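Q:
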Amino acid sequence: MPLRLILVGPPGVGKGTQAALMEERLGVKPLSSGVIFRAEIEADTDLGQLAKSYIDRGELVPNGVTIQMMLKRLRSDEVRKKGFVLDGFPRTVRQAEALDVELETEDVSLDCVILLVVDDEVVVRRLAGRMGCTKCGEIYHSSNKPPRREGLCDKCNSQLLVRKDDNPETIRERLRVFREETAPVAEYYRAKGLLREVDAAGDAEEVYAEVTKGLPS
Ligand code: AMP
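Residue numbers (my numbering): 5 to 221.
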């Protein structure tokens, strides 16, 4: 049975890193709403232009377009076959409800929702040194995981970029939005008995060991 998982947590907690490890080791398809939005911005699509104005301010992109974009991906043959790990979606209770309806229609269910927990100061430290590959999306950090060659991806040799929304002011706004809009999503899944909390203060491997503990094999 393919795994169907959700990673919930504040920006910079390591959702993308964990999703990439899960793809590599468990074969599940990572679906990151942030990555998909940034690809739309890069391609200068209508959706990308709309999303950019919200993302640059650290606000959420409206539910309607976000839900549509993610449900479309969930319906792909690849996701149906491999299962998924959602990273960054759902971020509001409305999105979680829409996802529930979709899963019911597809006659599948979630295995688990993992809430990654760290202090705000750790988040700010992690985001401050974060860089991502413009091509493959691999994530680096100036002190925790520096690339072998400065500014270039170890995996595909493409250029690394610091995200525009990883600046102190926008980070504060994103943390506020997380507390107000996304923390209730964790409670939504807790009430359904699906939530597992994982301490995400350790390094990526330590967190991965905790995250995958107890997952159905
Ligand atoms: P992330 O890469 O997950 O940090 O997302 C970057 C930005 O994309 C967020 O700060 C939001 O502006 C937007 N975004 C990502 N996922 C969602 C979502 N599920 N709902 C609304 N906006 C989102």
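Glycine included, C-beta positions come from ideal geometry on N, C-alpha and C. Note that the structure is a prediction, hence the values are computed from the model and not measured.
Mapping DSSP to helix, strand and coil, what is Pro34?
A: strand
Q: By how many angstroms is the C-alpha of Ala24 removed from the C-alpha of Asp60?
A: 24 Å
Q: I need the DSSP call for Val211, collapsed to helix, strand or coil.
A: Here Val211 sits in helix by DSSP.
Q: Should Pro14 be listed as close to the ligand AMP, given that the test is whether its C-beta is under 6 Å from any heavy atom?
A: No; taking the cut-off as 6 Å, the Cβ of Pro14 has no heavy atom of the ligand AMP nearer than that.
Q: At a threshold of 6 Å, does Tyr58 count as lining the ligand AMP (C-beta to nearest heavy atom)?
A: Yes, the beta carbon of Tyr58 sits closer than 6 Å to at least one heavy atom of the ligand AMP.
Q: CB of Gly92 to nearest heavy atom of the ligand AMP: below 6 Å?
A: yes
Q: Assign Gly141 to one of three DSSP states: helix, strand, or coil.
A: coil
Q: How many Å lie between Phe182 and Val122 at the Cα?
A: 13 Å
Q: Taking DSSP's pairing of strands, which residues face Leu7 in a bridge?
A: In the DSSP output, where bridge partners are listed per residue, Leu7 has Gly87.
Q: How is the alpha helix (DSSP H) around Leu110 delimited, first residue to last?
A: Sequence inspection shows Glu at residue 110; the Leu mentioned does not correspond to that position. Residues 97-110.
Q: Is Val105 buried or exposed, if buried means 16 or more other CB atoms sit within 10 Å of its CB?
A: exposed
Q: Give the straight-line distance between the Cα atoms of Ser57 and Ile71, rounded to the nearest whole angstrom.
A: 18 Å
Q: Pick out whichever of Phe88, Met73, Asp81 has its Cα sitting closest to the Cα of Gln99.
A: Between Gln99 and the set Phe88, Met73, Asp81, the nearest pair of CA atoms involves Met73.
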